[in-house]
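Each remark here refers to the structure printed beneath this line.
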Amino acid sequence: MNVPMILTDFLDRAVCLYGDKRAVIDHDGGRELTYGELNARVNRLSHGLRSLGVEKGDRVAYLAPNTLEMLEGFYGIFQLGAIMVPLNIRLKPDDYVFILNHSGAKVLFVDQDLLHLIEPVRDRLETVETVIVHYREDDADEVSYDEWLAQFPAGSFDREELDENDVCSLLYTSGTTGNPKGVMLTHRNNYLHALSVQHHLRVNDADTYLHVLPMFHVNGWGGPFYYTANGATHVCLRRALPESIYDAINSHGVTSVHMAPTVLNGLLQYYDSEKPQTGTADLRIVIAGSAPPPAFIRRVEDELGWEFIQVYGMTESSPLSLTSASRSAEAHLSDEQRIRLKAKAGYPMIGNDVRVVNDFGEEVPHDGKTVGEVVVRSNGVMKGYWKNEEATAGALRNGWLHTGDMGTIDEFGHVDITDRKKDIIISGGENISSIEVESTLYDHPGILEAAVIAVPHEKWGETPHAYIVLREGHELTGQEVIDFSRSKLAHFKAVTGVTIVDELPKTASGKIQKVHIRDDYWKRHGGASTAGRSVN
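Numbering-wise, the sequence shown is residues 1 to 536 according to the UniProt record's numbering.
Encoded structure:
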């Protein structure tokens, strides 16, 4: 028997087994819904989308923080066989123009607090026919979500016939080119990813999951799927502020939270100053991002009393492939060795074949020293990039996803990320294309050449730093360059430091050699170059 793996199965199971159980807590708005009530809203949404002419394969975009409306959007869209396009809420209006037009989105749901990002470019959206606003509080022309949703029946929805290989998620991620690429994930990708991850993170029906990690970021690493499938309780939090996170943890008995290292760092700093309660004794904190120092992990586990789990992946693999969760086979290790292993990207999750290979595709020795490229083969690996066959062929080669990350693998099977082939900067868990930043700097009349590299940052993990060659006759200060980049880019993409030089190192063919620029930076600032890891 071959039963299609469709994501709507997860909510169906929760409604069947946990219909009267609390499904969602809106921490900011005070609302609580059972799984039966959540399902009714999902049905209303599906009926509403069909009334707007949304059909199987159509794209529906969401620009929203972690809200009930964002969570129910996944399942409301999937029932039609349509495709969810989550939008990063930290972008600039021009970024949304590209993504919405490139994806061909037909309907856009946008939170009232983010509507100002869409209004300036509304007339440049080529395919968006309807904009619906969550929490609308004024007399804007766009439709109010609550009023619109109430028009439609809460009863069962006649679903489209779906195939597990149908695309259900279109996720735009920064790459080595200025414009982001749309990663196509299928129902099968997300379904099997959910089954694997829920095992390694020990998800069960007693869990209360706090949505700190944005749901727009690779479907919240699949959290809306595997926590729903297990009948866990979702706690939605609009803003990931330390005081709000601690309050939610203590108010709702939270047992699991996923977040970027910068958010966890903020929680540690808040703990130092305010000494809040730290919630339940079995709270699991799941982290992906720049490599944490062992002392950081020790603080989380010893002072806050939380279990620290490091994971690794990228959008193209749904995203998680590796985990550092402790195994019984490591019980003989010393506490110091155990903590050091937790700081690595980890070992493969079930269903993932993750290897470190040399330039010939051969596995490197498991010695923790020999560096190669990390490659992945799994059921979570994407179908490809939307409307970009060339990029798809470059990423998927000989049956493997080439991550562009360089790393080692040790005798325990743990992968450690040491560097990245791609010039992607990971700041606060978000990807920044260095080429995009460089292109923006080149728009300044006083800049002749620009190269952008990642440098460490105490709060954000790493941020963009620009090396600049000025045009003859022009004068610029570093602060003026920073201000210019902030005026043109989303602030998290803007450069935070500038080095003005007479020339940039280049190859014989004229290509700028960033490896020498990085070396120069470290010589100027002392120490040796380091690298982090990310969920790309």
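Every residue, glycine too, gets a C-beta built ideally from N, C-alpha and C.
Keep in mind that this is a model prediction, so the values were computed, not measured.
- For the set G29, G48 and I25, the Cα lying nearest the Cα of E37 is the one of I25.
- Here W522 is exposed: its Cβ has fewer than 16 other Cβ atoms, across all protein chains shown, within 10 Å.
- In this structure, the CA atom of Q479 is about 43 Å from the CA atom of G380.
- For Q310, the beta-bridge partners assigned by DSSP are I287.
- Inter-segment contact for the stretch 357-365 and the stretch 318-331 is absent: fewer than three beta-carbon pairs are separated by less than 8 Å.
- Take the alpha-carbon of G81 and the one of K56: they are about 4 Å apart.
- Counting along the chain, G372 sits inside the beta strand (DSSP E) bounded by residues G372 to S378.
- A direct Cα-to-Cα measurement between S433 and M382 gives close to 20 Å.
- Collapsing the DSSP output to three states places H27 in coil.
- Fully enclosed beta strand (DSSP E) runs of no fewer than 3 residues occupy 83-86, 107-111 and 130-134 of the stretch 78-145, in order along the chain.
- Taking each of S51, N101, G372 and L171 in turn and checking the Cα distance to Y385, the smallest one comes out for L171.
- With distances taken between CA atoms, N204 lies nearest to R284 out of Y246, R284 and K181.
- S487 has its alpha-carbon roughly 43 Å from the corresponding atom of S196.
- The way I'd put it, the stretch 290-304 does touch the stretch 342-358; three or more beta-carbon pairs between them come closer than 8 Å.
- Here DSSP, grouped into helix, strand and coil, assigns L396 to strand.
- With a cutoff of 8 Å on beta-carbon distance, L267 and I245 are scored as near each other.
- Taking C-beta separations shorter than 8 Å and ignoring five residues to either side along the sequence, the partners of L489 in its chain run K92, E436, V437 and T440, following chain order.
- With the rule of 3 Cβ pairs closer than 8 Å, the stretch 46-54 counts as touching the stretch 96-110.
- The DSSP assignment places 478-488 as complete runs of the alpha helix (DSSP H) inside the stretch 447-498, in order along the chain (cut-off: 4 residues).
- Listed in chain order, the alpha helix (DSSP H) elements of length 4 or more contained wholly in the stretch 320-381 are 335-342.
- Between the alpha carbons of A325 and Y312 lies a distance of about 12 Å.
- Nearest neighbour of S251 by Cα position, chosen from V501, D367, G30 and H491, turns out to be G30.
- One Cα belongs to L448, the other to V469, and the distance between them is close to 5 Å.
- In this structure the stretch 350-358 does not touch the stretch 215-232; the number of beta carbon pairs closer than 8 Å is below three.
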